[in-house]
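Taking it in order: structure first as structure tokens, then the write-up.
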Amino acid sequence: NAGVTQTPKFQVLKTGQSMTLQCAQDMNHNSMYWYRQDPGMGLRLIYYSASEGTTDKGEVPNGYNVSRLNKREFSLRLESAAPSQTSVYFCASRQGPFNDEQYFGPGTRLTVT
Amino acid sequence: GDSVTQMEGPVTLSEEAFLTINCTYTATGYPSLFWYVQYPGEGLQLLLKATKADDKGSNKGFEATYRKETTSFHLEKGSVQVSDSAVYFCALWFTSGSRLTFGEGTQLTVNP
Numbered sequence: 003n004a005g006v007t008q009t010p011k012f013q014v015l016k017t018g019q020s021m022t023l024q025c026a027q028d029m030n031h032n033s034m035y036w037y038r039q040d041p042g043m044g045l046r047l048i049y050y051s052a053s054e055g056t057t058d059k060g061e062v063p064n065g066y067n068v069s070r071l072n073k074r075e076f077s078l079r080l081e082s083a084a085p086s087q088t089s090v091y092f093c094a095s096r097q098g099p100f101n102d103e104q105y106f107g108p109g110t111r112l113t114v115t
Numbered sequence: 005g006d007s008v009t010q011m012e013g014p015v016t017l018s019e020e021a022f023l024t025i026n027c028t029y030t031a032t033g034y035p036s037l038f039w040y041v042q043y044p045g046e047g048l049q050l051l052l053k054a055t056k057a058d059d060k061g062s063n064k065g066f067e068a069t070y071r072k073e074t075t076s077f078h079l080e081k082g083s084v085q086v087s088d089s090a091v092y093f094c095a096l097w098f099t100s101g102s103r104l105t106f107g108e109g110t111q112l113t114v115n116p
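From first to last, the protein sequence lines are chains L and A.
Our numbering numbers the first residue of the first sequence as 3 and each following residue consecutively.
Our numbering numbers the first residue of the second sequence as 5 and each following residue consecutively.
As structure tokens, this is what we get:
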């Protein structure tokens, strides 16, 4: 099993450009999450999907959209990138609803200039 | 709202030293508590957890006890190794909730 995979690993965007971060899990998990990690701030939840077909906002959703394409895949889209979105983005999945452990992908390092 | 506060880093120790990383939380109710570890260039991995008061989580020589009276979940290890160098995150979770709430992370460096 590959676990949680993310693409790309690195990306540089100019202000105003758009892009989609891809995430897939092969553990048949129900719930999936997108976090951003910034120095000194831990991880903050952007969006999550409790189950296939549902998505909800997290702590910092502004400037992002998500799509739960199927049970395996959960993508994060930046429609018009801003320098404040420079961060490391992590996708995670959880079996749910009674299993509390989240499994994380390796992350995408995004720089917006 | 719920929050997690960790001791400020970075922490630098010599091999075989004793490690404590403090974690306190603020929450309404009784969450589950976690320690996650992030090795350089990787995603987070669950290190240990405790789901109720007085539970002790342990893994790879690390331990943490869920203290309801002090709302704390301090991480300890008796003898650290160079391979323990990583960022450690304390986090809380409510079974009825939707998210992990993370502390800011503590960078640990262990020198030979």
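Where is the CB? At the ideal position from N, CA and C, for every residue including glycine.
Top-ranked residue by Cα proximity to residue i, from the options
{"i": "threonine 110 (chain A)", "options": "A:Thr9, A:Gly13, A:Asp6 and A:Gly61", "result": "A:Gly13"}
{"i": "tyrosine 37 (chain L)", "options": "L:Tyr105, L:Thr115 and L:Val14", "result": "L:Tyr105"}
{"i": "serine 7 (chain A)", "options": "A:Ser87, A:Ala54, A:Tyr34 and A:Glu19", "result": "A:Tyr34"}
{"i": "phenylalanine 92 (chain L)", "options": "L:Ser20, L:Pro108 and L:Pro63", "result": "L:Pro108"}
{"i": "phenylalanine 106 (chain A)", "options": "A:Glu19, A:Phe38, A:Val15 and A:Ala21", "result": "A:Phe38"}
{"i": "glutamate 20 (chain A)", "options": "A:Ala95, A:Phe93, A:Gly5 and A:Val86", "result": "A:Val86"}
{"i": "glutamine 10 (chain A)", "options": "A:Arg71, A:Ser76, A:Leu104 and A:Thr69", "result": "A:Ser76"}
{"i": "glutamate 108 (chain A)", "options": "A:Thr69, A:Phe93, A:Thr28 and A:Asn26", "result": "A:Phe93"}
{"i": "serine 86 (chain L)", "options": "L:Asp102, L:Gly65 and L:Glu103", "result": "L:Gly65"}
{"i": "serine 82 (chain L)", "options": "L:Lys11, L:Gln19 and L:Thr9", "result": "L:Gln19"}
Residues near residue i by beta carbon distance below 8 Å, same chain, minus five either side
{"i": "glutamate 67 (chain A)", "result": "Leu52, Lys60, Gly61, Leu79, Glu80 and Lys81"}
{"i": "leucine 17 (chain A)", "result": "Leu23, Val84, Leu112, Thr113, Val114 and Asn115"}
{"i": "asparagine 32 (chain L)", "result": "Ala52, Ser53, Glu54, Lys73, Arg96, Gln97, Gly98 and Pro99"}
{"i": "threonine 57 (chain L)", "result": "Tyr49, Tyr50, Ser51, Val68, Ser69 and Arg70"}
Buried or exposed by the 16-neighbour rule on C-beta atoms within 10 Å, applied to residue i
{"i": "proline 41 (chain L)", "result": "exposed"}
{"i": "glutamate 46 (chain A)", "result": "exposed"}
{"i": "threonine 17 (chain L)", "result": "exposed"}
{"i": "glutamine 49 (chain A)", "result": "exposed"}
{"i": "valine 6 (chain L)", "result": "buried"}
{"i": "threonine 74 (chain A)", "result": "exposed"}
{"i": "glycine 44 (chain L)", "result": "buried"}
{"i": "aspartate 88 (chain A)", "result": "buried"}
Any C-beta of chain A under 8 Å from that of residue i
{"i": "glutamine 104 (chain L)", "result": "yes"}
{"i": "leucine 78 (chain L)", "result": "no"}
{"i": "phenylalanine 92 (chain L)", "result": "yes"}
{"i": "alanine 4 (chain L)", "result": "no"}
{"i": "glycine 60 (chain L)", "result": "yes"}
{"i": "leucine 47 (chain L)", "result": "yes"}
Proximity test, Cβ basis, 8 Å: residue i and chain L
{"i": "leucine 51 (chain A)", "result": "no"}
{"i": "tryptophan 97 (chain A)", "result": "yes"}
{"i": "phenylalanine 66 (chain A)", "result": "no"}
{"i": "phenylalanine 93 (chain A)", "result": "yes"}
{"i": "serine 76 (chain A)", "result": "no"}
{"i": "serine 36 (chain A)", "result": "yes"}
9 Å Cβ cut-off: residues of chain A touching residue i
{"i": "methionine 43 (chain L)", "result": "Phe106, Glu108 and Gly109"}
{"i": "proline 108 (chain L)", "result": "Gly45, Glu46 and Gly47"}
Beta-carbon contacts of residue i that lie in its chain and below 6 Å, excluding the five residues immediately before and after
{"i": "tyrosine 43 (chain A)", "result": "Ala90"}
{"i": "glycine 65 (chain A)", "result": "Lys81"}
{"i": "serine 69 (chain L)", "result": "Ser77"}
{"i": "methionine 34 (chain L)", "result": "Ser51, Phe76 and Ser95"}
{"i": "threonine 28 (chain A)", "result": "Thr9, Thr75 and Ser76"}
Contacts of residue i in chain A (Cβ-Cβ under 8 Å)
{"i": "tyrosine 50 (chain L)", "result": "Ser102 and Arg103"}
Residues that residue i contacts on chain L, provided the C-beta gap is smaller than 8 Å
{"i": "serine 87 (chain A)", "result": "Those within 8 Å of serine 87 (chain A) in chain L number zero; the least Cβ separation is about 19 Å."}
7 Å CB neighbourhood of residue i in its chain, flanking five on each side removed
{"i": "serine 2 (chain L)", "result": "Shown here, chain L extends from 3 to 115; a query on residue 2 (chain L) therefore has no answer."}
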